[in-house]
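Numbering (my numbering), first residue to last: 22 to 222. Even glycine gets a Cβ: it sits at the ideal position worked out from N, Cα and C. Below is one structure, written out as structure tokens; comments come after it.
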Amino acid sequence: MLEEVGNAVTHGIGAGLAIAGFVLLLLKSDTGIKVMASCFYGISLILMFLMSCLYHSYKSGLAVKRIWRRFDYSSIYLLIGGTFAPMYLVYWENVLGIVLFCVQWALIIAGITIICVFGPGRFRPIHYTLYFVIGWSAIMFIPDWFRNDKPLLGWIVGGGIVYTLGMIPFVKDSKGMHFIWHIFVMLGAALHWFGMYLYVY
């Protein structure tokens, strides 16, 4: 019970910080495409933390908790896609970026559909694989970052590594592991946000 309180509180704080971060990105958005990318990113970040907070706010065994669990796991997909929106639509403002953005969201919609139909407990290997593949799909752009924008490379890859390492406690059922996962998520989200704010907008 205490761990669930911690889980709810950490991502409740995360939701509040995400709202502030969203506002700051909007204030820095000086074009229509930047506003759109900020909305994708900011809203997905807020939803991820909010859905997680609400899911962990209910006692185990309640029907409503099972519903929020679907939203919680679906919001992970939303965050991955939302995080890449500024990269594909603003930083790589070209046809390839738009195509990759659309492919990503097709996979995200497929993953969310599986969760909604079958629940997050089934086909877990599929979801973990999709999280990883979609999350690291921008690896092809690392050479470009290395040549032209090393600081951005550091923030984005650093955040990706933190998220990936966080999957270790995420897949474990041991006591306290999910709380640790929440800390990794907050750190990864912070690294990505600072990278976007400082070097994309």
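Assign glycine 42 to one of two classes, buried (16 or more other C-beta atoms within 10 Å of its C-beta) or exposed (fewer than that).
Here the question's residue 42 lines up with position 21 in the sequence shown. So glycine 42 ends up on the buried side.
Counting along the chain, where does the alpha helix (DSSP H) carrying valine 178 start and finish?
Within the sequence shown, residue 178 is the residue found at index 157, counting from 1. Per DSSP, valine 178 belongs to the alpha helix (DSSP H) from 171-191.
What do you reckon, are the CB atoms on valine 111 and valine 178 nearer than 7 Å?
Numbered from 1 along the sequence shown, position 90 holds the residue referred to as residue 111. Numbered from 1 along the sequence shown, position 157 holds the residue referred to as residue 178. Going by C-beta atoms, valine 111 is not nearer than 7 Å to valine 178.
For proline 172, tell me which candidate among Ser195, Leu219, Arg145 and Ser59 has the shortest Cα-Cα distance.
Counting from one through the sequence shown, the residue named residue 172 turns up at place 151. It is Leu219.
Determine the extent of the alpha helix (DSSP H) in which alanine 159 is found, giving its start and end residues.
The count along the sequence shown starts at 1 and reaches residue 159 at position 138. Looking at the DSSP string, alanine 159 is not in any alpha helix (DSSP H), and its letter there is neither H nor E.
In this structure, how does DSSP classify arginine 145 when only helix, strand and coil are distinguished?
Here residue 145 refers to the residue found at position 124 of the sequence shown. Helix, per DSSP.
Can you tell me where the alpha helix (DSSP H) holding aspartate 93 begins and where it ends?
On the sequence shown, position 72 is the one that residue 93 refers to. Start and end: 84-107.
By DSSP, does serine 50 sit in helix, in strand, or in coil?
One-based indexing of the sequence shown puts residue 50 at position 29. Residue state, collapsed to three classes: coil.
Can you name, in chain order, every residue of its own chain whose Cβ lies under 8 Å from the Cβ of lysine 236, other than the five neighbours on each side?
Beyond the ends of the chain as shown, which are 22 and 222, falls residue 236; an answer cannot be given.
Could you check the C-alpha separation between aspartate 165 and cysteine 74 for me, to the nearest Å?
On the sequence shown, residue 165 is found 144 positions in, with the first residue counted as 1. On the sequence shown, residue 74 is found 53 positions in, with the first residue counted as 1. Cα-Cα distance, rounded: 37 Å.
Roughly how many angstroms separate the alpha carbons of isoleucine 135 and proline 141, rounded to a whole number?
Residue mapping note: residue 135 aligns to position 114 of the sequence shown, counting from 1. Residue mapping note: residue 141 aligns to position 120 of the sequence shown, counting from 1. Their backbone Cα atoms lie some 8 Å apart in a straight line.
With 16 other CB atoms within 10 Å as the buried threshold, where does arginine 90 fall?
As a first step, residue 90 is located in the sequence shown; it is residue number 69 there, counting from the start. Buried: at least 16 other Cβ atoms inside 10 Å.
Distance check for phenylalanine 162 and glycine 209, CA to CA, integer angstroms please.
Mapped onto the sequence shown, residue 209 falls at position 188. Mapped onto the sequence shown, residue 162 falls at position 141. Computed Cα separation, rounded: 19 Å.
Measure the alpha-carbon distance for lysine 55 versus proline 107 and round it to whole angstroms.
One-based indexing of the sequence shown puts residue 55 at position 34. One-based indexing of the sequence shown puts residue 107 at position 86. Cα to Cα, lysine 55 sits roughly 7 Å from proline 107.
Do glycine 63 and leucine 46 have their CB atoms nearer than 7 Å?
Reading the sequence shown from its first residue, position 42 is the one you call residue 63. Reading the sequence shown from its first residue, position 25 is the one you call residue 46. The answer is yes: Cβ separation under 7 Å.
By Cβ distance below 8 Å, which residues in the same chain neighbour phenylalanine 144 in space, the five residues on each side in sequence not counted?
Locating residue 144 in the sequence shown gives position 123, counting from the first residue. Around phenylalanine 144: Ile135.
Give me, in chain order, the residues of the same chain whose beta-carbon lies closer than 6 Å to that of leucine 121; leave out the 5 immediate sequence neighbours on both sides.
Sequence index remark: in the sequence shown, residue 121 carries index 100 (1-based). Cβ within range, chain order: Tyr109.
Please return the same chain residues whose Cβ sits closer than 7 Å to the Cβ of glycine 156, not counting the five positions on each side in sequence.
The count along the sequence shown starts at 1 and reaches residue 156 at position 135. Cβ neighbours of glycine 156 beyond the five flanking positions: Ile101, Gly181 and Tyr184.
Keeping to the same chain, check which residues put their C-beta closer than 6 Å to that of alanine 211; ignore five residues upstream and five downstream.
For this step, residue 211 is matched to residue 190 along the sequence shown. So the list is empty, once near-sequence residues are dropped.
Is DSSP giving glycine 33 helix, strand or coil here?
Counting from 1 along the sequence shown, the entry for residue 33 is found at position 12. Here glycine 33 sits in helix by DSSP.
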